[in-house]
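This report refers to the structure that appears directly beneath it.
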Amino acid sequence: MSYLNDPREPQEEIVERTPARIRAVRIINALVHAVCWIFALVLILHILLVFGEANPGNGFAQLIDQWSRGVSLGLRNLFTPDGPKLRTLLNDGLAALLWLIIGGVVTDLVSRIGLPGPRRVWYRRTLS
Numbered sequence: 604m605s606y607l608n609d610p611r612e613p614q615e616e617i618v619e620r621t622p623a624r625i626r627a628v629r630i631i632n633a634l635v636h637a638v639c640w641i642f643a644l645v646l647i648l649h650i651l652l653v654f655g656e657a658n659p660g661n662g663f664a665q666l667i668d669q670w671s672r673g674v675s676l677g678l679r680n681l682f683t684p685d686g687p688k689l690r691t692l693l694n695d696g697l698a699a700l701l702w703l704i705i706g707g708v709v710t711d712l713v714s715r716i717g718l719p720g721p722r723r724v725w726y727r728r729t730l731s
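Under the working numbering, residue 731 is the last one in the sequence shown; the count climbs by one each step, no gaps.
See below:
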């Protein structure tokens, strides 16, 4: 006796998502994730250069300093302790942490908007 078409058995309802839509959400999330991590890494690199007392006249140190100013989210002068190392650690460290949080929040929102449904379930079981 076969139970394949038994009406008493639970049936699975497959909810198909458009593959192009899923791919678009994944690409957008990957880009957002990569940009936020790059910004955080630039800020961390700036912290390391300040702690290592890098030559401020060096072209690479200047590039990282200018780029970190651009991605510091306006937090460059939030904390003003006496030492430049502690000031850089607090301000740029907080900005780096915020970039990682922003990346997580934005990718979650893109997933929730781009792939609506209860907890992004790919299939639902229904009892008939």
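Think of the CB as a built atom: it goes at the ideal place given N, C-alpha and C, for glycine as much as any other residue.
Since the model is a prediction, treat every value here as computed from it, not as a measurement.
Of the residues the options, which one's Cα is nearest the Cα of residue i?
i: S675; options: E656, C639, G686, L718; result: C639
i: W670; options: I631, I650, P687, L703; result: I650
i: L571; options: I625, L700, I705; result: Any property of residue 571 remains undetermined from this structure, which presents the chain solely from 604 to 731.
i: F642; options: L703, L712, V708, D685; result: L703
Please classify residue i: does DSSP put it in a helix, a strand, or coil?
i: V635; result: helix
i: F682; result: coil
i: A643; result: helix
i: V674; result: coil
i: A657; result: coil
i: T710; result: helix
i: L718; result: coil
i: T621; result: coil
Give me, in chain order, the residues of the same chain whose beta-carbon lies closer than 6 Å to that of residue i; leave out the 5 immediate sequence neighbours on both sides.
i: F654; result: K688
i: L678; result: N694, L697, A698
i: R672; result: none
i: I625; result: none
With a CB to CB cut of under 7 Å and the five nearest residues on each side skipped, what residues in its chain are close to residue i?
i: L648; result: I667
i: T710; result: N632, V635, H636
Excluding the 5 residues flanking residue i on each side, which residues of the same chain have their C-beta closer than 8 Å to its C-beta?
i: A627; result: G717
Any heavy atom of the ligand GDP inside 6 Å of the beta-carbon of residue i?
i: G655; result: Ligands are entirely absent from the displayed structure, and the ligand GDP is therefore not among its contents.
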